[in-house]
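Here's the structure we're looking at; comments come further down.
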Amino acid sequence: MLPAIPFKQLRIILIILTFVFCLLWVYQVGRINHQTPPFLQVENGVSIYRDKSNTLDLSQIKQQQWQTLTQSPESLGLSNDSIWLKFDIPALDNNQNWLMELEFPLLDHLDVWFENEQSLKHYRTGDALPFSERPRLDERFVFPVPTASGMTKVYLKIQSKGALRAPISLWRETDYVTYSSEHNLLMGLFFGFVTAMVISNLFFFFTTGSADFFIYSAFTFCLSLLLATINGLTFKYLWPNSLWLQSFSMPLLASATCYFAIQFTDQLLDIKQHNQGLHKLMKWLSWAFLLSLISSPITPLQIHLPFLLYGLSLCLLLLFVISIYFSLKKVRLARTYTLAWSPLFVVGLASCLESLNLIGLPIHAHYLLMLATMVETTLFALVLALDYSEQRYKFIETYKQNLQQERELRLAQEQFNQAQQQAQEELEYNVGERTLELEIALRELSEKNQELEKINTIDALTGVKNRRHFDKKYIAEVRRSRREQTPLSIAMIDIDHFKRINDTHGHLVGDECIRFIARQILQIAKRPSDEVFRYGGEEFALLLPNTDQDGAYTLLEQLMTEIRYTPAHTPAGDISMTVSCGIATAIINMDTIEEHLLQQADKMLYQAKNNGRDRIECSLSADSQEIHKS
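Read in order, the letters of the sequence shown are residues 15 to 644 in this note's numbering.
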């Protein structure tokens with residue numbers, strides 16, 4: 015028989031094998047994504063609108079002021095609002111079938127409209143509806159793209175009590191089938207591997223009676239179900255018609271996984287023996303996650319999920335610190351525990367922070383979680399098995415030695431009784447000693463506010479104040495006009511035919527034109543009290559406190575003349591533009607509604623647009639008319 019390999023050498027071999035195995039996994043994921051990429055990943059040109067009332071329909075939402083999404087729609091944070099997204103799909107080859115994929119299967123409600131010159135197609139799905147009602151029976155949200163001779167406009171309405179993500183891709187159907195098949199094969203290999211680990215550790219539990227193997231099996235089982243739920247596989251295969259279970263499966267499984275992780279760490283490192291304070295802290299933490307597990311079916315997800323994510327982050331950080339602490343104290347298995355679980359700690363913490371929209375990850379979190387799970391499961395389960403194998407090898411060697419002693423004793427008949435008694439005592443002593451060593455080994459084995467305010471106040475594109483600051487400043491100036499009985503003028507300014515500039519020269523040139531207009535407005539607003547705001551898109555607002563109609567009109571006329579005869583210098587050449595302006599002036603009295611002046615200015619802007627653009631329209635309330643006449 016070959017001699018036993020020392021444990022330190024086995025640990026090095028396991029680390030190398032695990033590293034090679036993980037490289038193969040990463041290679042396969044990268045190969046699938048590289049060989050069969052989507053035709054288009056929707057990241058730019060996406061507009062967003064947050065419906066806080068959750069009541070707007072498609073016809074109403076088209077009339078709203080949309081904002082350009084400045085980041086990838088892959089992470090939209092946590093929100094109870096209805097999130098609307100819109101973007102354009104270019105003309106496609108009608109000789110092929112096309113699919114649109116939204117690769118986040120945990121959205122409660124998802125409505126999709128495809129609008130082109132020929133038709134308007136609507137799909138409704140989400141994990142708050144039976145799996146069988148999906149347009150395509152896939153764990154991700156996949157929609158057939160209707161044929162069109164030109165561009166197709168897509169509208170998405172997303173509602174979810176949990177994290178909001180919308181990673182959108184456009185596929186040829188043949189490519190998607192190939193990608194999905196290879197991806198599902200990779201998922202099958204992963205979950206098959208994890209299942210085998212669960213079964214093998216249960217086998218060790220039944221054969222050794224050690225609770226550590228059962229707790230580790232329960233942890234791995236809950237973690238694998240959690241990963242399957244994140245990938246949409248449990249809703250597809252295990253409970254496709256149980257909307258009740260699907261609604262709280264994520265917090266339930268996350269709580270259970272953390273509960274068993276705490277129990278396993280406490281048992282494996284024998285924290286009770288080394289530090290009573292940490293042991294009590296672990297007990298209280300495990301009770302907290304057990305309470306989270308029990309309350310998950312009855313607690314609203316929008317309330318439960320943020321607390322759970324922060325709790326998971328705290329738990330992972332605490333377990334990681336404890337493992338390092340015991341490693342420094344040279345507690346047996348602590349270093350192996352830290353090495354095996356470090357990837358899962360780091361990735362789990364990063365995944366929680368990404369769900370809270372605090373950080374962004376370069377790749378999907380579920381791939382990182384699966385990779386970390388393979389590292390943890392492979393290293394730790396194999397270390398457990400090898401350590402058990404080492405003890406068993408010692409036991410067998412002892413047993414063979416005893417047999418040899420018995421054969422030698424039979425050769426000496428005269429000393430049979432004495433030799434037999436001595437051999438029996440030696441056998442019992444050795445077996446007891448080895449058994450005790452085995453029991454001891456098994457027990458030991460189981461044992462991140464000024465910059466923020468600036469971001470919220472300044473428009474990133476133009477450098478002028480943004481809409482949020484306008485809303486606050488407008489109310490303040492209205493109240494000052496009412497209090498001091500001074501005239502207040504507000505001007506709404508809109509770039510004429512801006513969409514034509516965007517469509518002709520592109521969004522970058524359009525952005526440069528918006529910045530040019532902002533600079534022109536800033537040049538005329540010379541008083542410290544005059545403030546310029548980007549109201550939205552190509553629209554600006556100008557607040558002119560203590561300014562009557564003549565003053566506001568003169569100022570806006572100067573602005574229009576300057577813009578009309580001064581072209582904007584852009585990478586596409588010089589572009590001449592005009593603007594339309596709406597002015598409203600009033601002395602606010604006690605009976606005036608605060609929003610009235612803004613509504614009048616906006617109305618005058620649209621009147622200027624309708625009357626031919628490149629002009630100023632004024633609206634005066636009764637109070638302001640008196641001032642103007644005087």
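We treat Cβ as the ideally placed atom computed from N, Cα and C, and that holds for glycine. All values reported here derive from a predicted model rather than from experimental measurement.
- In the DSSP assignment, the residues bridged to TYR137 are VAL126.
- DSSP places ARG154 in the coil class of the three-state scheme, outside both helix and strand.
- In this structure, the CA atom of ASP510 is about 17 Å from the CA atom of ALA615.
- Under the 10 Å beta carbon count, GLY587 is surrounded by fewer than 16 other beta carbons and is classified as exposed.
- Secondary structure note for HIS197: its alpha helix (DSSP H) is the uninterrupted segment 187 to 222.
- Short of 8 Å from the beta carbon of PRO144, and not among the five residues preceding or following it, lie these beta carbons of its own chain, in chain order: PRO254, ASN255 and LEU257.
- C-alpha of THR221 to C-alpha of MET388: approximately 25 Å in a straight line.
- Boundaries cannot be given for SER310, as no alpha helix (DSSP H) includes it and DSSP labels it neither H nor E.
- If only uninterrupted alpha helix (DSSP H) runs of at least 4 residues are considered, those enclosed by the segment 322 to 369 are 348 to 369.
- Taking the C-beta atoms as reference points, PHE204 is found nearer than 8 Å to MET384.
- Sixteen is the threshold: when 16 or more other Cβ atoms of the shown chains lie within 10 Å of the Cβ of GLU153, as they do, the residue is buried.
- Secondary structure within the segment 573 to 633: the beta strand (DSSP E) runs of 3 or more consecutive residues, fully enclosed, are 582 to 584, 587 to 589 and 593 to 600 (chain order).
- Taking C-beta separations shorter than 6 Å and ignoring five residues to either side along the sequence, the partners of GLN81 in its chain run ILE62, following chain order.
- Rounded to the nearest whole angstrom, the C-alpha separation of TYR273 and VAL191 is 38 Å.
- Within the segment 473 to 547, the complete alpha helix (DSSP H) runs of at least 4 residues fall at 481 to 498, 512 to 519 and 521 to 538.
- One Cα belongs to ALA566, the other to CYS595, and the distance between them is close to 11 Å.
- Of the other Cβ atoms in all chains shown, 16 or more fall within 10 Å of the Cβ of MET618; this residue is therefore buried.
- By the Cβ rule, the segment 121 to 137 does not count as touching the segment 209 to 216, because fewer than three pairs are nearer than 8 Å.
- According to the DSSP assignment, SER238 belongs to the alpha helix (DSSP H) that extends over 225 to 244.
- Ranking LYS76, LEU573 and ARG457 by CA distance to the CA of ARG64 puts LYS76 first.
- CA-to-CA, the gap between LEU247 and ILE531 works out to about 52 Å.
- If you draw a straight line from the Cα of THR392 to the Cα of PRO311, it is about 33 Å long.
- Per the coordinates, the alpha-carbon of LEU557 lies some 10 Å from the alpha-carbon of THR599.
- Rounded to whole angstroms, the Cβ separation of ASP125 and ARG138 is 5 Å, and the two are in contact under 8 Å.
- Scanning the segment 240 to 279 from its first residue to its last, the whole alpha helix (DSSP H) runs of 4-plus residues come out as 247 to 251.
- Per DSSP, the unbroken alpha helix (DSSP H) holding GLN74 starts and ends at 72 to 75.
- Excluding residues up to 5 positions away in sequence, VAL361 lie with their Cβ nearer than 6 Å to the Cβ of LEU382 in the same chain.
- Distance check between ARG627 and each of GLN613, ARG578 and ILE601 places ARG578 closest, using alpha-carbon atoms only.
- The beta carbons of PHE219 and PHE207 sit no closer together than 8 Å.
- LEU570 places its beta carbon 8 Å or farther from that of ILE528.
- By alpha-carbon distance to MET201, the top candidate from ALA177, HIS583, THR243 and SER224 is THR243.
- Between HIS521 and GLU57, the alpha-carbon positions lie close to 14 Å from each other.
- Taking all protein chains shown into account, THR279 has 16 or more neighbouring C-beta atoms within 10 Å of its C-beta and is therefore buried.
- By the CB criterion at 8 Å, LEU573 and GLN534 fall inside the cutoff.
- Its Cα nearest to that of ARG541, the residue THR561 stands out among THR561, LEU450 and GLY524.
- With respect to the 8 Å criterion, PHE554 and ILE589 are not classified as neighbours on the basis of their beta carbons.
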